[in-house]
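In what follows, a structure is listed as structure tokens, so that the remarks can point back to it.
Residue numbers (the UniProt record's numbering): 1 to 768.
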């Protein structure tokens with residue numbers, strides 16, 4: 001560490017490290033949305049004099065520490081510095097440690113302002129603004145500049161040892177990364193092209209869409225150059241985001257491989273697990289009066305944090321230290337009697353690579369994005385199997401509610417909540433009464449219903465704060481859905497649909513319906529996320545056409561595009577189009593016998609392991625029954641609905657180097673992507689569908705909207721999503737440069753030029 005090295009920390013981050021004590025307590029979590037919070041700040045500042053200063057950038061130093069942030073507002077005439085906090089509910093229910101944290105922040109800002117403007121004293125104020133009543137509660141205290149300086153130095157002193165440790169870690173990490181060599185000695189074909197594109201994107205500070213074929217080692221080929229870029233380009237952290245557990249495991253394995261080649265590399269790697277998975281006491285609420293792991297959480301956090309980081313430190317014997325995967329993290333958390341999920345949230349601040357699901361950076365309340373903004377991190381984000389991003393992001397920014405669930409909830413909730421829920425029920429009944437058709441999409445949200453829903457949300461929030469031991473999962477689900485509806489309502493526009501679908505009720509006398517705010521174009525939500533990164537690289541074997549992903553995801557105009565050359569050659573894969581068969585819905589019954597004959601003929605010509613993909617479970621079952629009837633001697637096994645992890649493993653275990661038979665599966669399901677069956681474990685696939693989404697009222701609404709926005713309604717709604725599934729499924733066959741196999745594309749539409757343009761360039765397609 002050089003003399004000029006310094007550690008930059010945000011005011012809030014400094015105070016959360018030094019001044020946060022006591023219980024983890026989520027009972028008073030202010031429910032205003034981000035837009036409501038901004039609006040609330042605006043209301044407060046609009047009530048001040050014209051010369052009232054807002055968003056005041058302040059900074060100061062303490063040794064190598066550089067502390068910076070933005071104070072909310074300063075009243076020059078009253079010499080009063082204000083920290084504005086919006087909330088909804090009863091302010092008296094705010095935990096003491098949360099109020100103490102707010103005072104710590106405003107005192108740090110007070111010192112920085114006094115020093116900046118040469119003030120001898122100042123009045124500090126916490127302004128709590130109630131979103132519902134629009135009323136302010138102001139708490140204020142007077143301080144001298146000397147008192148605030150002493151407090152600033154005290155807090156910085158508590159943080160300084162940790163900051164020096166972090167600076168030393170960063171310096172050693174970057175030095176080792178610059179000297180790090182590729183773990184395999186040489187790149188696979190195509191892998192170098194991918195790695196170079198990743199590094200150039202970071203160097204140019206642009207996003208990247210990388211279409212890279214399966215089997216080239218995309219995970220190592222993306223992580224390695226981004227680690228090198230971390231040192232060269234001053235990147236603080238890498239977020240590796242995956243769609244499935246298997247993708248996270250591949251990332252952990254890649255880090256282990258890199259660490260084996262550089263055992264002295266001080267690289268901290270953290271795997272994030274979902275809250276539902278990490279929670280030890282799901283029957284308890286997240287506060288000290290209910291959960292023992294929340295009691296005194298912040299008092300025990302420092303020791304747990306030290307233990308976790310010590311495990312990831314380089315070992316004196318030269319062996320590569322482990323990553324902090326979810327099992328290791330859970331063991332550390334329980335050893336220190338703290339919540340594993342919130343410990344992982346804390347450790348994300350101090351790790352170099354964070355591996356998790358897409359939602360940790362991209363959803364509406366993404367923890368990694370919030371931390372990035374708070375700490376002003378420079379991050380590189382890697383998005384694995386990025387063809388999933390459109391559908392996953394749509395779900396992140398959609399919400400639905402079922403009327404029957406509300407009916408049941410009204411019977412079990414406490415009396416205090418019955419009236420507000422009855423109002424929601426009444427408005428919901430009116431919506432059903434006014435709608436004649438089973439399905440209808442609306443241009444605007446129902447104002448009276450949304451108002452009743454907001455009132456009910458506030459009542460539930462107040463009740464749960466008053467009754468901390470009350471835990472009712474159905475009420476919590478309704479509450480979170482209601483909050484999501486409110487947040488999505490603020491940004492409702494052309495990128496979303498509001499629709500109501502009537503369904504049969506639980507009782508004959510009642511109608512049932514599902515209300516949905518349905519995101520169809522995630523771009524407005526994701527674009528700011530891309531802009532807040534140094535580089536975001538999305539990679540997959542199926543990312544074409546690139547303009548579809550650029551439009552739907554809101555990629556910046558400067559985004560780079562690379563189509564990595566395949567290491568495979570046409571001679572490895574026989575691609576046959578069965579033009580004589582139609583798998584359209586109206587032809588499926590007639591298609592069963594020809595498909596069974598085709599599969600039987602191919603199996604007789606070359607015995608081995610095959611996968612057969614169909615558009616639905618019903619179609620798959622009928623096809624499997626027909627095949628077994630005609631070819632009872634051929635072993636078959638089938639994907640079942642809602643398979644758990646053990647059942648999926650059992651299905652895949654049937655594919656051995658010595659086995660023979662056909663596994664029947666649904667296209668786009670668990671076995672259509674992310675499955676690695678090299679060599680004789682899989683020698684062929686039958687794809688009996690174009691994978692087009694079902695034509696139904698919802699998809700037709702989406703098609704119309706896609707046509708209006710992009711002028712390509714059918715392709716954006718049906719063709720592109722369907723063909724991505726087809727290419728992914730076919731990609732299970734050739735996994736290495738020594739593999740050989742056969743793929744049958746069963747439908748006459750596969751012979752169309754515009755469909756074949758969406759297939760890999762290295763395929764040599766024959767019309768059977």
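Cβ atoms here follow ideal geometry from the backbone N, Cα and C, with glycine treated the same way.
Of the listed residues 475, 404, 155 and 534, nearest to residue 503 (C-alpha basis) = Checking every option, the nearest Cα to that of residue 503 belongs to 404.
inquiry  = Taking the alpha carbon of residue 5 as the reference point, which residue from 199, 168, 243 and 412 has its own alpha carbon closest?
reply    = Closest by C-alpha distance to residue 5, out of 199, 168, 243 and 412, is 168.
message = For residue 159, which residues in the same chain have their Cβ closer than 8 Å to its Cβ, ignoring the five residues on either side in sequence?
response = Within the same chain, 9, 14, 17, 18 and 65 come within 8 Å of residue 159 by CB-CB distance, once the 5 residues on both sides are set aside.
task = Reducing DSSP to helix, strand and coil, say where residue 131 ends up.
result = Residue 131 sits in coil when the DSSP states are folded into three classes, being neither helix nor strand.
key: Between the CA atoms of residue 306 and residue 1 - distance to the nearest angstrom   = Confidence is the limiting factor: at residue 1 the pLDDT is only 39, short of 50, which leaves the residue's position unreliable and the question unanswerable from this model.
task = Decide if residue 55 is buried, meaning its Cβ has at least 16 other Cβ atoms within 10 Å, or exposed.
result = In summary, residue 55 is exposed, with fewer than 16 beta-carbon neighbours lying within 10 Å of its beta-carbon over all protein chains present.
query = Does the pairing of the stretch 735–749 with the stretch 681–694 give three or more beta-carbon distances under 8 Å?
reply = Below 8 Å, enough C-beta pairs join the stretch 735–749 and the stretch 681–694 to call them touching: three or more.
request  = Put residue 635 into one of helix, strand or coil per three-state DSSP.
outcome  = If DSSP states are grouped into helix, strand and coil, residue 635 belongs with coil.
task = With distances taken Cα to Cα, identify the nearest neighbour of residue 709 among 642, 689 and 496.
result = Among 642, 689 and 496, the Cα nearest to that of residue 709 is on 496.
task = Please confirm if the stretch 229–247 is in contact with the stretch 341–359, defined as three or more CB-CB distances below 8 Å between the two stretches.
result = Touching, yes.
task = Write down every uninterrupted run of the alpha helix (DSSP H) in the stretch 64–147 whose length is 4 residues or greater and which is fully enclosed by it, in chain order.
result = You should have 96–117.
ask   = Is the beta carbon of residue 380 sitting closer than 7 Å to the one on residue 226?
value = Taking the C-beta atoms as reference points, residue 226 is found nearer than 7 Å to residue 380.
task = Give the secondary structure of residue 52 by DSSP, where H, G and I count as helix, E and B as strand, and everything else as coil.
result = Coil at residue 52, not helix or strand.
message = Please classify residue 772 as buried or exposed, where buried requires at least 16 other C-beta atoms within 10 Å of its C-beta.
response = Because the chain in this structure spans residues 1 to 768, residue 772 falls outside the shown range and cannot be described.
query = Are there 16 or more other CB atoms within 10 angstroms of the CB of residue 763, so buried, or fewer, so exposed?
reply = Per the 10 Å Cβ criterion, buried.
ask   = Who are the Cβ neighbours of residue 757 in its own chain at under 8 Å, not counting the five residues just before and after it?
value = The beta carbon of residue 757 sits closer than 8 Å to none of the beta carbons in its chain outside the five residues before and after it.
message = Taking the beta carbon of residue 767 as the centre, do at least 16 other beta carbons fall within 10 Å, making it buried, or is it exposed?
response = Here residue 767 is exposed, its C-beta having fewer than 16 other C-beta atoms within 10 Å.
key: Beta carbon of residue 281 nearer than 7 Å to that of residue 398   = Their beta carbons are not under 7 Å apart, which means residue 281 does not touch residue 398 by this criterion.
query = Do residue 88 and residue 40 have their C-beta atoms within less than 7 Å of each other?
reply = With respect to residue 40, residue 88 sits apart: the two C-beta atoms are not nearer than 7 Å.
message = Can you check which of these residues, 44, 27 and 342, is closest to residue 96 by C-alpha distance?
response = It is 27 whose Cα lies nearest to the Cα of residue 96.
inquiry  = Here's the rule I'm using: 16 or more other beta-carbon atoms within 10 Å means buried, otherwise exposed. How should residue 481 be labelled?
reply    = That one is buried.
query = Quick one: what does DSSP say residue 316 is sitting in, helix, strand or coil?
reply = In this structure, residue 316 counts as coil in the three-state DSSP scheme.
task = Give the secondary structure of residue 30 by DSSP, where H, G and I count as helix, E and B as strand, and everything else as coil.
result = Unreliable positioning characterises residue 30 in this predicted model, as indicated by a pLDDT of 48, which lies under 50. The coordinate reading is nonetheless provided below. In this structure, residue 30 counts as coil in the three-state DSSP scheme.
message = Looking at residue 243: is its Cβ nearer than 7 Å to the Cβ of residue 337?
response = No, these two residues do not count as a Cβ contact at 7 Å.
ask   = What are the partner residues of residue 803, as DSSP defines its beta bridges?
value = Residue 803 cannot be examined here, being either before or after the span of the chain that is shown, 1 to 768.
inquiry  = Measuring straight from C-alpha to C-alpha, what distance separates residue 30 and residue 692?
reply    = Because the pLDDT of residue 30 is 48, which lies under 50, any placement of that residue in the model is unreliable, and the number read from its coordinates should be weighed accordingly. Taking the straight line from one Cα to the other gives about 43 Å.
inquiry  = To the nearest angstrom, how far is the alpha carbon of residue 217 from that of residue 731?
reply    = If I take the Cα positions, the gap works out to 14 Å.
request  = May I ask you to report which of helix, strand or coil DSSP gives residue 484?
outcome  = Of the three classes helix, strand and coil, the one that applies to residue 484 here is helix, per DSSP.
key: Secondary structure of residue 771, DSSP reduced to three states   = In the structure as shown, the chain starts at 1 and stops at 768, and residue 771 therefore has no counterpart that could be examined.
ask   = Which residues bound the beta strand (DSSP E) around residue 516?
value = From DSSP, the beta strand (DSSP E) with residue 516 extends over 511–519.
key: Per-residue burial, residue 761 [other beta carbons within 10 Å of its own, 16 or more giving buried]   = With a threshold of 16 other beta carbon atoms within 10 Å, residue 761 falls short and is exposed.
task = Just tell me which of 130, 106, 144 and 103 has its CA closest to the CA of residue 121.
result = Among 130, 106, 144 and 103, the Cα nearest to that of residue 121 is on 144.
ask   = Applying the criterion that 16 or more other CB atoms from any shown protein chain within 10 Å of the CB defines a buried residue, is residue 146 buried or exposed?
value = It is exposed - the Cβ of residue 146 has fewer than 16 other Cβ atoms within 10 Å.
query = Excluding the five sequence neighbours on either side, which residues of its own chain have a C-beta within less than 6 Å of the C-beta of residue 750, listed in chain order?
reply = For residue 750, where only same-chain residues beyond five positions count, the Cβ hits under 6 Å are 577.
request  = My understanding is that residue 639 touches residue 664, with C-beta atoms under 8 Å, so please give their C-beta distance in whole angstroms.
outcome  = At roughly 7 Å, the Cβ-Cβ gap stays under 8 Å, so residue 639 and residue 664 are in contact.
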